[in-house]
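>
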Amino acid sequence: MTEERIEDTAEQAPEETSTKPSRAEILEEEGEIAADYLEELLDLADIDGDIDIDVADGRAQLSIVCEDEDSNLGTLVGKEGRTLGALQELSRLAVQTQTGQRSWLMLDIDGFRNNRREELIKKAKRAIEQVKVGGEEFAFKPMNSFERKIIHDQAARAGLVSESEGEGDGRHVVIRLADD
Numbered sequence: 216m217t218e219e220r221i222e223d224t225a226e227q228a229p230e231e232t233s234t235k236p237s238r239a240e241i242l243e244e245e246g247e248i249a250a251d252y253l254e255e256l257l258d259l260a261d262i263d264g265d266i267d268i269d270v271a272d273g274r275a276q277l278s279i280v281c282e283d284e285d286s287n288l289g290t291l292v293g294k295e296g297r298t299l300g301a302l303q304e305l306s307r308l309a310v311q312t313q314t315g316q317r318s319w320l321m322l323d324i325d326g327f328r329n330n331r332r333e334e335l336i337k338k339a340k341r342a343i344e345q346v347k348v349g350g351e352e353f354a355f356k357p358m359n360s361f362e363r364k365i366i367h368d369q370a371a372r373a374g375l376v377s378e379s380e381g382e383g384d385g386r387h388v389v390i391r392l393a394d395d
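For my numbering, count along the sequence shown from 1 and bump the result up by 215.
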């Protein structure tokens with residue numbers, strides 16, 4: 216092959232300019248897809264609310280908020296956050312349907328999860344103190360995975376061992392002293 220022929224071939228080769236999206240871009244896309252889904256749901260239910268999207272802790276995080284104190288966002292939270300959990304799963308499924316990838320996005324409504332996190336941190340600290348003083352293990356009531364993780368994180372920070380025990384709706388956390 217002559218030099219001239221090589222140059223012609225190089226000029227005809229397509230440039231590889233396509234780059235793989237970054238993790239942050241993928242999470243932003245997940246947030247946008249979920250926000251669109253939730254916006255439609257709010258419209259159908261005739262519920263006022265704004266959707267904030269953030270990317271933190273390696274996942275898309277969405278919050279539905281409303282300035283109006285008389286808003287009915289509480290109906291979207293449900294008893295013990297069960298409706299919120301279901302809406303989160305539906306949002307994850309909407310993302311998965313569009314992207315083909317499993318999503319781990321988090322949804323909060325009217326600050327429920329943040330308030331619950333603070334409440335659980337306080338309960339965990341009291342239980343940790345009880346375990347440290349008395350040496351007996353402490354079993355929490357059943358919780359969802361979001362809530363169990365908060366307890367596990369607090370126990371680990373305190374140098375204790377924690378395990379999730381039980382099945383399904385009965386899954387709960389037990390904390391105990393670490394075996395030396």
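Beta carbons: idealized from backbone N, C-alpha and C, even for Gly.
1. On a CA-only basis, which of R363, E380, L253 is nearest D261? Give me that one, please.
2. Using only CA atoms, which one of E245, G385, I324 lies nearest to A275?
3. Within 10 Å of its beta-carbon, does R341 have 16 or more other beta-carbons around it, so buried, or fewer, so exposed?
4. Which ranges would you report for the alpha helix (DSSP H) in the region 295-382 if only whole runs of at least 4 residues count?
5. At which residues does the beta strand (DSSP E) containing L277 begin and terminate?
6. Please work out which residues of its chain come closer than 7 Å, Cβ to Cβ, to V292, disregarding the five sequence neighbours upstream and downstream, and give them in chain order.
7. By DSSP, does D269 sit in helix, in strand, or in coil?
8. Helix, strand or coil for R391? Go by DSSP, reduced to three states.
9. Tell me the residue span of the alpha helix (DSSP H) that contains T290.
10. Which of helix, strand or coil does DSSP assign to G264?
11. Can you check which of these residues, L375, G374, D394, M321, is closest to D267 by C-alpha distance?
12. Helix, strand or coil: which one does DSSP assign to R386?
13. For A249, name the three-state secondary structure that DSSP assigns.
14. Can you grab the Cα-Cα spacing for the pair R372 / L259, in whole Å?
15. Whose C-beta lies closer than 8 Å to the C-beta of E255 among residues of the same chain, with five residues either side of it excluded?
If we stick to the structure as given:
1. Across the set R363, E380, L253, the C-alpha of L253 shows the shortest separation from the C-alpha of D261.
2. E245
3. exposed
4. Within the region 295-382, the complete alpha helix (DSSP H) segments of 4 residues or longer fall at 297-314, 327-349, 360-372, listed in chain order.
5. 274-280
6. T298, L299, I324, D325, F327
7. strand
8. strand
9. 289-292
10. coil
11. M321
12. Coil.
13. helix
14. 44 Å
15. none
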